[in-house]
Structure formats: structure tokens, C-alpha cells
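Okay, structure first, notes after.
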Amino acid sequence: MPKNPITWIVVADGARARFLRAAPDGKRLVPARGADLIAPQGRHHVRDMVSDRPGRVDSTSRGGQRHAFEPKHDYHKLAKHHFTVSVADVLDKACLAKEFDEVILVAPRRSLGELRQCLSKRVQKAVQQEIPKDFTEYTPAMLWRHLRPMVGPKIPKG
Numbered sequence: 001m002p003k004n005p006i007t008w009i010v011v012a013d014g015a016r017a018r019f020l021r022a023a024p025d026g027k028r029l030v031p032a033r034g035a036d037l038i039a040p041q042g043r044h045h046v047r048d049m050v051s052d053r054p055g056r057v058d059s060t061s062r063g064g065q066r067h068a069f070e071p072k073h074d075y076h077k078l079a080k081h082h083f084t085v086s087v088a089d090v091l092d093k094a095c096l097a098k099e100f101d102e103v104i105l106v107a108p109r110r111s112l113g114e115l116r117q118c119l120s121k122r123v124q125k126a127v128q129q130e131i132p133k134d135f136t137e138y139t140p141a142m143l144w145r146h147l148r149p150m151v152g153p154k155i156p157k158g
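Going by full-length UniProt numbering, the first residue of the sequence shown is number 1, and it counts up by one from there.
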């Protein structure tokens, strides 16, 4: 008799990732790993991530006026990218350790696209479905109610 595949459901955005799976009774979602992954800077304002004011320059061509340099990077996007890379790394290590056979990704469109680019080949092969929704603030019970109709037979029935 073939074993049922272990399916992880990853619910993420640019600042938080939850790794869930169906409970053995098939009637609810439970954590698939110890804790959620939360980016400390993910929900901060840029002013909280940058240590000081931008540099200034005197412009002789503008009558001696001073103006600030524009930052070269969008620190908020950079923090989200680093977080997405860490989510992909967790998935890669879990896949390598055979903690799951299949994975369902649930994230807003932009986060989903960035996560897709960061995934290793082995995790990409394990992805069974992608759902472009932001469900990061939902409780496991709410997630179960919303995801069950979308993923159909991928989550075991109770």
C-alpha cells in the first residue's frame, strides 16, 4: 500500500512565513515545524531600518543650495528579499531532510513570484500548487476553511 505524501502548506508574505500540514486526523492544520519565520524588519518603516540621515552635498550650480542624496537601495524591498531567501532556505533544508513530499505555496502575487525565483530545483519539483492570496494573518482554523476548497484532494480528508 503506497504511503500518503506529506504535504506542507507554506503561507507567507514579505515578513512572515508559516509552515503547516494537515493533522493526522485530517480535520485541521498544525505547525509543520517548530515556529513561524518572522522577519524583524519586515513590517518596519524605512526610517527605522536606516541608521542615519542621507548624506548631503553643496550644489554650486544651484546657487549654493544643499540637497540630500537619494539612497541607492529600497531598504524595505531589500529586507523582504532577504526574508524570502531565508524562507526558500528553510524549504530547501526540509526537502533535503525529506520532511515533506509536496508543498503548497500561499502568498500575495509579488511575494509568490519572488519566492518562486529563490526556490531550489528540488523544492520547485515538490511544489504542487500556488495560491496567490495573503492569508498570513489567518488562524489555522480560518486557513483550513479557506484552503480546503482550493486545494481539494491535496489535503487529506477527515
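From the three backbone atoms N, C-alpha and C, an ideal C-beta is built for every residue, glycine too.
Cβ separation of residue i and residue j, assumed to be a contact under 8 Å, to the nearest whole Å
i      : j      : result
Leu119 : Ala88  : 5 Å
Pro132 : Arg109 : 5 Å
Among the options, the one whose alpha carbon lies nearest that of residue i
i      : options                           : result
Val85  : Trp8, Arg16 and Pro5              : Arg16
Gly26  : His81, Asn4 and Leu78             : Asn4
Ser122 : Lys93, Ser111, Pro149 and Asp134  : One point to set straight first is that residue 122 is Arg, not Ser, in the sequence displayed. With distances taken between Cα atoms, Arg122 lies closest to Lys93.
Arg148 : Arg28, Ala12 and Asp13            : Arg28
Glu137 : Ile38, Leu78 and Trp8             : Ile38
Glu114 : Arg18, Phe83, Thr7 and Cys95      : Phe83
Ile9   : Ser111, His76 and Val106          : Val106
Ala35  : Asp134, Phe135 and Val90          : Val90
Asp134 : Pro140, Val151, Met150 and Ser111 : Ser111
Gln124 : Cys95, His81, Pro40 and Arg18     : Cys95
Outcome for residue i when other beta-carbon atoms lying within 10 angstroms are tallied against a minimum of 16
i      : result
Gly158 : Summary for Gly158: the model assigns pLDDT 43, below 50, so the residue's position carries little reliability; its value from the coordinates is reported in the next sentence. So Gly158 ends up on the exposed side.
Met49  : Because Met49 carries a pLDDT of 48, less than 50, the predicted location of this residue cannot be relied on, and the following value inherits that uncertainty. So Met49 ends up on the exposed side.
Asp13  : buried
Lys77  : exposed
Thr7   : buried
Val11  : buried
Residue i Cβ short of 7 Å to the ligand MG heavy atom set
i      : result
Gln129 : The ligand MG is absent from the structure shown, which contains no ligand whatsoever.
Does the contact criterion of 3 or more C-beta pairs under 8 Å hold for the region 115 to 134 versus the region 100 to 107?
These segments touch.
Three or more beta-carbon pairs under 8 Å between the region 132 to 150 and the region 11 to 23, yes or no?
Enough Cβ pairs lie closer than 8 Å, so yes.
Ordered list of beta strand (DSSP E) runs contained in the region 107 to 157, each at least 3 residues:
As far as the region 107 to 157 is concerned, its whole beta strand (DSSP E) runs of at least 3 residues are 127 to 131.
3-residue-minimum beta strand (DSSP E) runs that sit fully inside the region 6 to 39, ordered along the chain:
Fully contained in the region 6 to 39 are the following beta strand (DSSP E) runs of length 3 or more, in chain order: 7 to 12, 16 to 22 and 29 to 31.
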